[in-house]
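Okay, structure first, notes after.
Numbering (my numbering), first residue to last: 87 to 416.
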């Protein structure tokens with residue numbers, strides 16, 4: 087039997103208990119729980135999450151308590167904590183989210199004061215000096231106020247053209263000629279092994295050799311490669327995730343040049359990441375760090391490169407390499 091840990095969560099539903107009870111059983115089944123049993127007399131429903139494949143393993147017990155015309159939904163989760171999934175994400179929280187997501191489609195969930203306050207802070211951070219973010223493409227999860235604040239402080243006079251947020255793992259912000267990976271906030275900085283401080287790392291485009299994605303069935307990691315941060319041919323990012331946050335040098339949550347991204351998050355971000363790769367390639371051409379070069383055609387860039395060759399500023403091999411990189415970006 088796996089080692090388990092118990093946790094509790096609760097939310098309130100704007101419906102009487104008699105209407106809520108049938109939805110609980112249906113929501114558990116739709117969420118993928120097995121052996122769902124209901125006890126109408128005690129207003130309790132139990133379900134197990136024990137798939138043949140995958141690492142998420144546990145069970146949920148839901149108890150309903152009437153609160154006038156509303157209902158308090160008390161959820162007790164008991165999930166396995168001795169596997170890779172438990173190291174990268176709280177499995178009890180994941181089981182709770184699976185259930186709550188299905189319930190929210192059936193009944194109106196009353197948001198707690200803490201949830202409303204968190205949304206208010208994030209919305210305020212996003213709209214504070216809102217024109218600063220006019221040219222930013224937000225991709226992925228809703229950015230945290232902490233990450234927005236860090237990026238705003240780092241570049242007060244330049245907004246990022248891309249802001250990619252990964253759930254519970256951090257964010258990537260790309261500017262004209264550099265990008266930063268931000269791992270800040272209580273949960274994210276804990277996963278990064280630097281609780282209370284967070285980690286923010288800057289990478290200049292000319293220094294980046296590649297952007298690599300290593301995906302598995304349910305997880306993956308985006309890696310920024312530079313001469314200082316080599317590739318992952320001989321690494322197993324997930325080998326050390328059952329150890330402490332700083333115990334393994336391959337842990338994608340602690341490394342400064344990585345951003346854990348699920349396959350679905352990566353697919354959503356791929357068009358912008360390809361654009362980022364193109365900008366990095368162009369930055370390595372003569373004059374490639376000039377801002378506002380987006381309107382210069384590849385043909386014009388090749389002509390400029392040929393002029394440098396004719397003037398003896400670059401040799402034939404440098405010209406051929408630069409031309410190859412420009413054409414590969416078409």
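Where is the CB? At the ideal position from N, CA and C, for every residue including glycine.
For the pair residue 93 and residue 133, the Cα-to-Cα distance works out to about 15 Å.
Within the DSSP bridge table, the entry for residue 240 names no partner. Nearest C-alpha to residue 353 among 179, 217, 125 and 300: 300. For a cut-off of 8 Å, the C-beta gap from residue 366 to residue 294 is around 5 Å, short enough to register as a contact.
Non-local beta-carbon contacts of residue 395 in its own chain, meaning distances under 6 Å to residues more than five positions away in sequence, involve 405 in chain order. Beta bridge pairing from DSSP links residue 166 with 90. Taking residue 220 as reference, the option from 249, 400 and 182 with the minimal CA-CA separation is 249. Cα atoms of residue 286 and residue 142: separation of roughly 30 Å, rounded to the nearest angstrom.
Assigned with DSSP and collapsed to three states, residue 135 falls in strand.
Contact between residue 346 and residue 252 holds, since their C-beta atoms are separated by about 6 Å, short of 8 Å. Out of 91, 103, 159 and 308, the CA that lies nearest to the CA of residue 355 is found in 308. As computed with DSSP, residue 145 is found in a beta bridge with 134 and 164. In the three-state reduction of the DSSP assignment, residue 263 falls in the coil class, being assigned neither a helical nor a strand state. The shortest CA-to-CA distance from residue 235 to any of 409, 203, 269 and 264 is the one to 269. Exclusion of the five residues before and after residue 222 leaves 245, 246 and 249 as the residues of its chain whose Cβ lies within less than 6 Å of its Cβ. At a Cβ-Cβ threshold of 8 Å, residue 198 and residue 182 do not count as neighbours. When C-alpha distances from residue 343 are compared across 349, 369 and 313, the shortest belongs to 313.
Taking the Cα of residue 229 as reference, the smallest distance to any Cα among 202, 217, 259 and 240 is reached at 259. In the structure shown, residue 252 adopts extended strand secondary structure according to DSSP, grouped into three states. When DSSP states are grouped into helix, strand and coil, residue 190 belongs to the helix group. Taken through DSSP and simplified to helix, strand or coil, residue 155 comes out as coil. Considering only 167, 196 and 159, the residue with the shortest C-alpha distance to residue 185 is 159.
Under the criterion of beta carbons closer than 8 Å, residue 105 and residue 122 do not qualify as touching, at roughly 19 Å. DSSP places residue 299 in the uninterrupted beta strand (DSSP E) bounded by 296 to 301.
Distance between residue 113 and residue 266, taken at the CA atoms: about 40 Å. For residue 306, the enclosing beta strand (DSSP E) has its first and last residue at 306 to 311. In this structure, residue 196 places its C-beta atom within 8 Å of the C-beta atom of residue 156.
The beta carbon of residue 90 sits closer than 8 Å to those of 144, 164, 165, 166 and 167, all from its chain and outside the five residues before and after it, given in chain order.
In this structure, 116 is the residue among 348, 116 and 96 with its C-alpha nearest to the C-alpha of residue 191. Counting the other Cβ atoms within 10 Å of the Cβ of residue 403 gives fewer than 16, which makes it exposed.
Residue 135 and residue 348 have their C-alpha atoms spaced approximately 21 Å apart.
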